[in-house]
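S.K.: full-length UniProt numbering numbers the first residue of the sequence shown as 1 and each following residue consecutively. Think of the CB as a built atom: it goes at the ideal place given N, C-alpha and C, for glycine as much as any other residue. Got a structure for you, questions after.
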Amino acid sequence: MAEHTDKKQRTDCDELTKGVAYLRSLPAIRERCSVIYEAAKAGTLSHFTLDLSKLDEVVEYVKQTMDINYPGNAADIPFHSRFRHFEAGGIDRVEQLAAAEWGGADAAERCRRLIDLAVTSVLLDAGAGDAWKYTEAAAAAAAGGG
């Protein structure tokens with residue numbers, strides 16, 4: 001019986017993994033974004049409205065901001081993600097943590113730990129505003145919202 005349960009759990013996990021992989025794929029992201037965009041155009045979203053009359057103004061604002069901060073080459077604009085927060089001051093803290101603490105972890109466990117790290121970081125950051133500040137001795141610099 002236990003063997004059957006283990007096999008079912010592995011199958012369920014495999015199916016979940018396939019589902020997550022699909023949701024992270026470019027076609028799935030485009031599909032989901034398209035559904036949300038169509039709902040916004042139809043005015044059926046509960047918490048947001050879409051005003052396309054402001055689109056040109058927004059595009060111009062973003063373009064001006066890019067030109068001011070990254071003149072000449074938009075390719076110089078660094079990508080943004082939660083994990084970039086862990087690289088403030090040029091220190092790769094995730095790599096340091098992984099090297100120090102995750103040596104024996106397999107790929108699935110490392111993935112779980114990365115998810116835990118990102119989710120915890122988002123929850124701690126949520127609503128913190130710009131009044132918080134953290135000073136890291138190793139970086140000799142302060143990071144914060146303000």
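Measuring straight from C-alpha to C-alpha, what distance separates residue 97 and residue 114?
M.R.: If you take the alpha carbons of residue 97 and residue 114, they lie about 10 Å apart.
S.K.: Measure the alpha-carbon distance for residue 119 versus residue 82 and round it to whole angstroms.
M.R.: Using only the alpha carbons, I get a separation of about 9 Å.
S.K.: Answer yes or no: do residue 85 and residue 51 have a C-beta to C-beta separation smaller than 9 Å?
M.R.: Not a contact, by the Cβ cut-off of 9 Å.
S.K.: What whole-angstrom Cβ distance do residue 48 and residue 42 have, given they're in contact under 8 Å?
M.R.: Not a contact, Cβ separation roughly 12 Å.
S.K.: Please report how far the alpha carbon of residue 138 lies from the alpha carbon of residue 14, in whole angstroms.
M.R.: Between residue 138 and residue 14, the C-alpha separation is close to 41 Å.
S.K.: Roughly how many angstroms separate the alpha carbons of residue 18 and residue 68, rounded to a whole number?
M.R.: For residue 18 and residue 68, the distance between alpha carbons rounds to 42 Å.
S.K.: So what does DSSP say about residue 106, is it helix, strand or coil?
M.R.: In this structure, residue 106 counts as coil in the three-state DSSP scheme.
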